[in-house]
Amino acid sequence: MNLNSLRILFSVTVGILLLLCIWTYWNLSKYIETVGNIHEANFTIQTTTQVLSLIKDAETGHRGYQLSDNESYLEPYFIAKSEIPIMIDKLDSVSNYQPEIISKVDQLRVLVQNQMEIIEKILRAAKRETPNYQPEELRLMTEGKLNMDQIREVAEDISKITSGSTKIEIEEEGGFRKLTPINFLVIVLIAFGGILLLFTRAVQLLEERDKKSKYLTKALGELEEATERSNQVSRLLRNVLDSSRDGILAYEAIRNNDGEIRDFKILLANEAATLLTNRDQFKLVGQNLLEVFPGNKGYLFNEYCRVTENGWDFKSEIEYDLDGKLTWFKVLATKFEDGFVVTFSDITKEKETGIKLANYTQELKRSNEDLEQFAYVASHDLQEPLRKIRSFGDRLLMKYKGDLDENGQIYIDRMQAAAKRMQNLIEDLLAFSRITRSSELPGAVDLNLVFEEIKDDLEDQICRKNALVEVEMLPKILGVKSQVQRLFQNLVSNGMKFSRDGVDPVVKITAKKIKGEELPEKFSITPKYDNYVAVTVEDNGIGFNEKYKDQIFNVFQRLHGKNEFEGTGIGLAICKKIATHHGGGIVAESKEGVGSKFIVIFPSSS
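Taking my numbering, the leading residue of the sequence shown gets 37, the next gets one more, and so forth.
Listed below in structure tokens is the structure:
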């Protein structure tokens, strides 16, 4: 029930109660009036009856006196003589409310006075000396009888008239007596119902008010919390903006009547922007771009307009004349509502460092090329003397084998072995220098075919060592096949070479694909491809102390003497250079007496 309905109901209830009150008041008034009239009618009848009774008593009394001459019989006469006038006066006053009996009351008054006078005359006449009635006395008694009959008729008329009118009023009084309690009951019920309804509604309104008050209190609390959170976020954003090393400026487009951008208004500036531009933070906000930074007019202003109109980001490195000083800035502008936000940083030092680094890189590249060229030439030129040494050594053995004693034989064998080691070393150096000089382009390499060829090439070593090389199904990688094959052949060969005494070598090759963003940090690879392949070569050999896991990839680094295991100390360095040259990497894991594991990362061909 809404408020308007409640008001209408209240008005109707009050109206009904008012009408019932008026009606009840009228009924009650009529009831009181009727009861008064009945009371007066009863009083009239009663008084008339009393007057008639007193007259009768007076009549009887004077007759007793006449017969006995006893004055005690006259007592009713004297009572009637004193009280009847009073009663008739009362009847006369009551007759004012009953006009129809006024004449009868007046007539009764006259008749009663006549009757009292007749009795008085009879009493005077009764003082006779003879016991017989005198003629005058008889005449008076006859007159008194006739007058008395008239008194009875008048009294009877008064009673009849009064009773007739009273009968109607008695009926009305009964009706009023029945209706009045009902009216009161209806009024009480309606009033009670109205009060109950109003009380119920008042309780509901109070409950609703309490609910709304609680809701409002809660809403105010939430608003305060939201405001506080908003303030915290604002302070946080302000702190984040001010903690940024990059300058940040927010602009709003200022347009002419044709909608064309004529300038930009600065809406926000962080502390870094004020430091980089040598401007006061609070003076920047509200200023126009071209007024504060006139150097933006032209190329930069056009780019900012393009960002605002088209929503295209603008990113560039520009040299800007800031207060007479040429400064390099890295600028990024992005659209923001009808304007843009620009972040910029001073990269003057980076530019200078970049130029120096480019010069150093160029010099290093030139030096590396010279070094590789030197190594290639030197290695190539050393091949011929070594071949001659080995050739002359072979001839000495063949021609003078019978003439050489045991020591001579040993010396020549040592010379031949040293020449062979030197030749292997030169060949490895040539291979190491040729890795980055290869003209072969990378392509999809099927590792399954690569390891089949490796097993064929190492068949003698596999048979000699009674080794087992297990290769699971491998994916394709992106690389130079000859270099990839050399890398894995070195690792498989090492797995068999560095085996434990009395234990047949077992070399297992497995692989798995890795997402570029999931590359382990230990490889130190900056992802250039989406997918990579991690190939693991694991053996059950002698292993090594993991403190040497980085050292073993350096050139000429050996963990064992040259007489313990053959080799030049360049093989793992070649492996690392091949993996790095392909955009990958290699790491080693090992445990002495258990075996070693080499994990190589290559880009996937897919």
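We put the beta carbon where it would ideally sit given N, CA and C, even for glycine. In this text the structure is predicted, and so the values were computed from the model without any measurement.
Through-space distance from residue j to residue i, alpha-carbon basis
| i | j | result |
| --- | --- | --- |
| Phe79 | Ile91 | 18 Å |
| Trp62 | Leu56 | 10 Å |
| Lys512 | Ser560 | 22 Å |
| Gln398 | Lys385 | 20 Å |
| Lys250 | Ile231 | 27 Å |
| Gln519 | Ser632 | 22 Å |
| Ile448 | Gly429 | 6 Å |
| Gln323 | Ala615 | 57 Å |
| Ala305 | Leu285 | 5 Å |
| Asn275 | Thr379 | 16 Å |
| Gly619 | Leu514 | 10 Å |
| Gly597 | Asn526 | Caution applies to Gly597, whose pLDDT of 48 falls short of 50 and renders its modelled position unreliable; the model cannot decide the point. |
| Tyr287 | Leu326 | 12 Å |
| Ala308 | Ser266 | 24 Å |
| Phe372 | Glu345 | 10 Å |
| Gly375 | Phe300 | 8 Å |
| Ile610 | Lys517 | 15 Å |
| Ser89 | Ser65 | 35 Å |
| Glu192 | Leu182 | 15 Å |
| Asn106 | Glu136 | 42 Å |
| Lys551 | Val569 | 9 Å |
6 Å CB neighbourhood of residue i in its chain, flanking five on each side removed
| i | result |
| --- | --- |
| Glu506 | Lys544 |
| Cys341 | Ile297 |
| Leu176 | Ile154, Lys157 and Ile158 |
| Lys612 | Phe589 and Ile622 |
| Glu1 | Lying before the first or after the last residue shown, residue 1 is absent from the chain, which here runs from 37 to 642. |
| Asn484 | Leu510 |
| Val571 | Ala547 and Val636 |
| Lys585 | Ala624 |
| Leu110 | Gly97 and Tyr101 |
Local Cβ density within 10 Å of residue i, reported as buried at 16 or more and exposed below that
| i | result |
| --- | --- |
| Gly334 | exposed |
| Asp382 | buried |
| Cys499 | exposed |
| Met434 | exposed |
| Lys548 | exposed |
| Thr523 | Checking the sequence, you will find Leu at residue 523 rather than Thr. Buried: at least 16 other Cβ atoms inside 10 Å. |
| Phe487 | buried |
| Ile120 | buried |
| Phe235 | exposed |
| Gln240 | exposed |
| Asn502 | exposed |
| Leu256 | exposed |
| Gln268 | exposed |
| Phe534 | buried |
8 Å CB neighbourhood of residue i in its chain, flanking five on each side removed
| i | result |
| --- | --- |
| Arg298 | Ile290, Arg291 and Asn292 |
| Ile52 | Ile226 |
| Arg536 | Asn576, Gly577, Ile578 and Gly629 |
| Asp359 | Asn314 |
| Glu179 | Ile154 |
| Met451 | Ile425 and Gly429 |
Residues sharing a beta bridge with residue i, DSSP
| i | result |
| --- | --- |
| Val507 | Ile545 |
| Ser642 | The partner list for Ser642 (beta bridge, DSSP) is empty, contrary to what the question assumes. |
| Lys126 | DSSP lists no partner for Lys126. |
| Thr572 | Thr546 and Ile635 |
| Lys361 | Leu358 |
| Leu514 | Ala480 |
| Gly621 | Ile637 |
| Phe300 | Ala289 |
| Ile284 | Thr379 |
| Thr31 | Nothing can be reported for residue 31: it is not among the residues displayed for the chain, which extend from 37 to 642. |
| Phe350 | Ala369 |
| Lys305 | What sits at residue 305 in the sequence shown is Ala, not Lys. Bridge partners of Ala305: Leu285. |
| Lys627 | Gly631 |
| Lys551 | Asn567 |
Other residues of its chain near residue i: CB distance less than 7 Å, five sequence neighbours each side excluded
| i | result |
| --- | --- |
| Glu553 | Pro563 |
| Gln86 | Met123 |
| Val190 | Lys140, Gln143, Leu144 and Leu147 |
| Leu362 | Glu355 |
| Ser195 | Ile81 and Thr84 |
| Val539 | Asn576 |
| Gly331 | Tyr356 and Asp357 |
(message) Quick check: the segment 525-537 against the segment 569-578, are at least 3 beta-carbon pairs closer than 8 Å?
(response) Contact annotation: the segment 569-578 touches the segment 525-537, with at least three C-beta pairs closer than 8 Å.
(request) Count the C-beta pairs between the segment 182-195 and the segment 150-162 that are closer than 8 Å, then say yes if the count reaches three, no if not. (result) Of all C-beta pairs linking the segment 182-195 to the segment 150-162, three or more are shorter than 8 Å, placing the two stretches in contact.
(message) Any contact between the segment 606-624 and the segment 491-509? By contact I mean 3 or more CB pairs, one from each, below 8 Å.
(response) The segment 606-624, when compared against the segment 491-509, does not touch it at the 8 Å Cβ threshold.
(message) Does the structure place the segment 339-358 close enough to the segment 367-383 that three or more beta carbon pairs sit under 8 Å?
(response) Yes, the segment 367-383 is in contact with the segment 339-358.
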